[in-house]
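To start, the structure itself, in structure tokens.
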Amino acid sequence: QVELVESGGGLVQAGGSLRLSCAASGSSFNINAMGWYRQAPGKQRELVARITPRGTTNYVDSVKGRFTISGDNAKNTVYLQMNSLKSEDTAVYYCNLDAVRGYYWGQGTQVTVSS
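Here the sequence shown stands for residues 6 to 120, where the numbers follow the working numbering.
What follows is the structure, encoded as structure tokens:
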């Protein structure tokens, strides 16, 4: 059993910052990558950023230069630092664990950016 616990969402004004955290726990697992997805009302879930245990990162174009993903392999934890937030960043953000034995999701955390 794998559990992903997210924290750090909330309400922030445009131009502000938030930091999301996600800790994975449970049975031993081999991680391919951890990352963050988001889903805005009426839209499909999209990949925001992901990071491999070796530190390789990928970002969706709309957040490049504003968001930074980082990880702590020893703690199986991933962070998403979000700066210069825009109203279009408003969404539910989901932590994702891409493990050898499958995909796992967190419960989601709401990020709301007011303009």
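Note that beta-carbon positions come from the ideal geometry of N, C-alpha and C, so glycine has one too.
(request) Alpha carbon to alpha carbon, how far is asparagine 35 from proline 46? Give it in angstroms, no decimals. (result) 33 Å
(message) As a quick exercise: from Ala29, Gln49, Ile56 and Arg50, pick the residue whose alpha carbon is nearest that of glycine 40.
(response) Ile56
(request) Quickly, what does DSSP pair aspartate 103 with across the bridge? List them, please. (result) Ala38 and Tyr108
(message) Going by the DSSP bridge assignment, what does glutamate 51 pair with across the sheet?
(response) Arg43
(request) Determine the direct distance from the alpha carbon of glycine 76 to that of valine 83, and round the result to whole angstroms. (result) 4 Å
(message) With H, G and I counted as helix, E and B as strand and the rest as coil, what does DSSP make of serine 92?
(response) helix
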